[in-house]
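Enquirer: One rule links them: number in the working numbering = place in the sequence shown (from 1) + 625. Backbone N, C-alpha and C fix where the C-beta goes; we use that ideal spot for every residue, glycine too.
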Amino acid sequence: MKNLSILTLSAIAMMLPGLVQAQTAIQRPTPASKARFSQTASAAKQASMGLEAGSELQAKRQANGDFGTLQRSVSLGGQIQEAWSLKGKNQGVHVQEDCGDCVYKVRLREYMASAIVLPEGVNIASVDLGDTDRFDVKRRTKNILVVKPLGAGVDSSMQVYTTDDEVFSFYLRSEMVHSKHTPDLSFKIRRRSASGIQVINFADGAPTEDLATKNIPTGVKDFLKTATFDPSKIRGFDSYKLWGSDDLKPEQVYRDDNFTYIQYGEKWSDLELPTAYVVVDDIDELVNTRVVGTTFIVESTHRLITLKSGQAYMCVQYKGD
Numbered sequence: 626m627k628n629l630s631i632l633t634l635s636a637i638a639m640m641l642p643g644l645v646q647a648q649t650a651i652q653r654p655t656p657a658s659k660a661r662f663s664q665t666a667s668a669a670k671q672a673s674m675g676l677e678a679g680s681e682l683q684a685k686r687q688a689n690g691d692f693g694t695l696q697r698s699v700s701l702g703g704q705i706q707e708a709w710s711l712k713g714k715n716q717g718v719h720v721q722e723d724c725g726d727c728v729y730k731v732r733l734r735e736y737m738a739s740a741i742v743l744p745e746g747v748n749i750a751s752v753d754l755g756d757t758d759r760f761d762v763k764r765r766t767k768n769i770l771v772v773k774p775l776g777a778g779v780d781s782s783m784q785v786y787t788t789d790d791e792v793f794s795f796y797l798r799s800e801m802v803h804s805k806h807t808p809d810l811s812f813k814i815r816r817r818s819a820s821g822i823q824v825i826n827f828a829d830g831a832p833t834e835d836l837a838t839k840n841i842p843t844g845v846k847d848f849l850k851t852a853t854f855d856p857s858k859i860r861g862f863d864s865y866k867l868w869g870s871d872d873l874k875p876e877q878v879y880r881d882d883n884f885t886y887i888q889y890g891e892k893w894s895d896l897e898l899p900t901a902y903v904v905v906d907d908i909d910e911l912v913n914t915r916v917v918g919t920t921f922i923v924e925s926t927h928r929l930i931t932l933k934s935g936q937a938y939m940c941v942q943y944k945g946d
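#1: Assuming Leu695 is part of the beta strand (DSSP E), what are its boundary residues?
#2: Please classify Tyr902 as buried or exposed, where buried requires at least 16 other C-beta atoms within 10 Å of its C-beta.
#3: Have a look at Lys763 and Cys724 and give me their C-alpha separation to the nearest angstrom.
#4: Nearest-angstrom Cα distance between Ser782 and Lys730?
#5: Measuring CB to CB, does Ile922 end up less than 7 Å from Arg928?
#6: In or out: Met939 buried (at least 16 other Cβ within 10 Å) or exposed?
#7: Could you spell out where the alpha helix (DSSP H) holding Arg686 opens and where it closes?
#8: Looking at the strands, I want to know which residues DSSP matches up with Tyr736.
#9: Using DSSP's beta-bridge definition, name the partner residues of Val950.
#10: In terms of alpha-carbon separation, which member of Val779, Arg734, Gln716 lies closest to Gly755?
#11: Excluding the 5 residues preceding and the 5 following Gln704 in the sequence, name in chain order all residues of the same chain whose CB lies nearer than 7 Å to its CB.
#12: Excluding the five sequence neighbours on either side, which residues of its own chain have a C-beta within less than 7 Å of the C-beta of Gln942, listed in chain order?
#13: Exposed or buried, Lys933, counting other C-beta atoms within 10 Å across all chains shown (16 or more means buried)?
#14: For His806, which of Val720, Pro899, Trp868, Arg732 has the nearest alpha-carbon?
#15: Compute the Euclidean distance between the alpha carbons of Glu707 and Tyr786, then round it to the nearest angstrom.
#16: Would Lys767 and Asn748 qualify as a contact pair, given that the criterion is a beta-carbon distance under 7 Å?
#17: Quick one: Cα of Leu810 to Cα of Val917, how far?
#18: Reducing DSSP to helix, strand and coil, say where Asp895 ends up.
#19: What is the DSSP secondary structure of Asp726, counted as helix, strand or coil?
#20: Assign Leu797 to buried or exposed, taking buried as 16 or more other Cβ atoms, counted over all protein chains shown, within 10 Å of its Cβ.
#21: Give me the Cα-Cα distance between Pro953 and Tyr879, rounded to the nearest whole angstrom.
#22: Exposed or buried, Arg734, counting other C-beta atoms within 10 Å across all chains shown (16 or more means buried)?
#23: How far does the beta strand (DSSP E) with Glu910 in it reach, from first residue to last?
#24: Asn689: buried (16+ other C-beta within 10 angstroms of its C-beta) or exposed?
#25: Measuring only the C-alpha atoms, how far is Ala750 from Lys944?
#26: In angstroms, rounded to a whole number, what distance separates the CA positions of Cys727 and Val792?
#27: Considering Cα atoms alone, identify which of Leu770, Ser794, Arg759, Gln784 is closest to Glu800.
#28: Out of curiosity, what's the CA-to-CA distance linking Asp863 and Asp871?
#29: Tell me whether the beta-carbon of Tyr889 lies closer than 7 Å to the beta-carbon of Leu896.
#30: Within this structure, are the beta carbons of Ile814 and Gln721 separated by less than 7 Å?
#31: Tell me whether the beta-carbon of Val912 lies closer than 7 Å to the beta-carbon of Ser925.
#32: With burial defined as no fewer than 16 other Cβ atoms inside 10 Å of the residue's Cβ, what is the status of Thr931: buried or exposed?
#33: Could you give the distance in angstroms between the alpha-carbon of Val771 and the alpha-carbon of Ser804?
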């Protein structure tokens, strides 16, 4: 029995090294666990240095000149207004006579700023803008405002107050980049000075003074006509030929001895006030105009009058005697 115990103990002693080695082999870390440990240690090191994960690898690449691909947005194009490619001497510029109590209509365009120039000698005191969310207005000088729409397909009103207690009222309309009309990048309101203007009063179609013997001051070239309206002098209702843009086509045209009367009727509310020209020595010459109700009055009885508003035009030709 004693010998058996000795043999058993000897056998157990011989097996112990193998068990120890087997246990050691089970606890030995695998390559995957080593990699995880390395990554954890690297991340901890970067965190202690205030670096984000992956920064160390990125820094090594940059040290070798590899900064990666720069992602940049590319413009899709198609945002050029073709209306500007059309021929036009005064594209984007609208000049209008001071019309007193009328509303000035200004065509604007998204992504473009327009300057509104009030007459010389006018000092802007303040401005009220109807829609401050879709339009922006800034004063640049004593008589110049810059208006910029913040979108397309919107409209609003603007009231401009001067230090002389005058009020200029504007209707603002913003159009998109594909509009067929060029915007008013410069909208000028012109006011004729009283100096240097000869006033001629008419009664029954004849001047009250003998102009042949009147001494007109040197340098006077402009004449401001004032005439008494005489219904008996009206004629030419069926004697005018019209051609041009439908936007400017009037309902009726007639004349007297002094002026040409162009009636627009209900169309007036949607009309952008045009300028009037006559041809003198093959050159377009600007003519004074005024507005009474829905009638556009041209201070000329020239046989051919051209109305222009942006790209729109209307030729008014008198065919009578």
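Expert: Quick answer:
#1: No beta strand (DSSP E) holds Leu695; DSSP gives it neither H nor E.
#2: buried
#3: 24 Å
#4: 9 Å
#5: no
#6: buried
#7: 680–688
#8: DSSP, once it has assigned bridges, lists no residue as partnering Tyr736.
#9: No answer is possible for residue 950: the residues shown for the chain start at 626 and end at 946.
#10: Val779
#11: Val802
#12: Tyr865, Lys866, Arg928, Leu929
#13: buried
#14: Arg732
#15: 36 Å
#16: yes
#17: 27 Å
#18: helix
#19: coil
#20: buried
#21: As displayed, the chain neither begins before 626 nor continues past 946, which places residue 953 out of reach and without an answer.
#22: buried
#23: 908–912
#24: exposed
#25: 49 Å
#26: 10 Å
#27: Arg759
#28: 19 Å
#29: yes
#30: yes
#31: yes
#32: buried
#33: 21 Å
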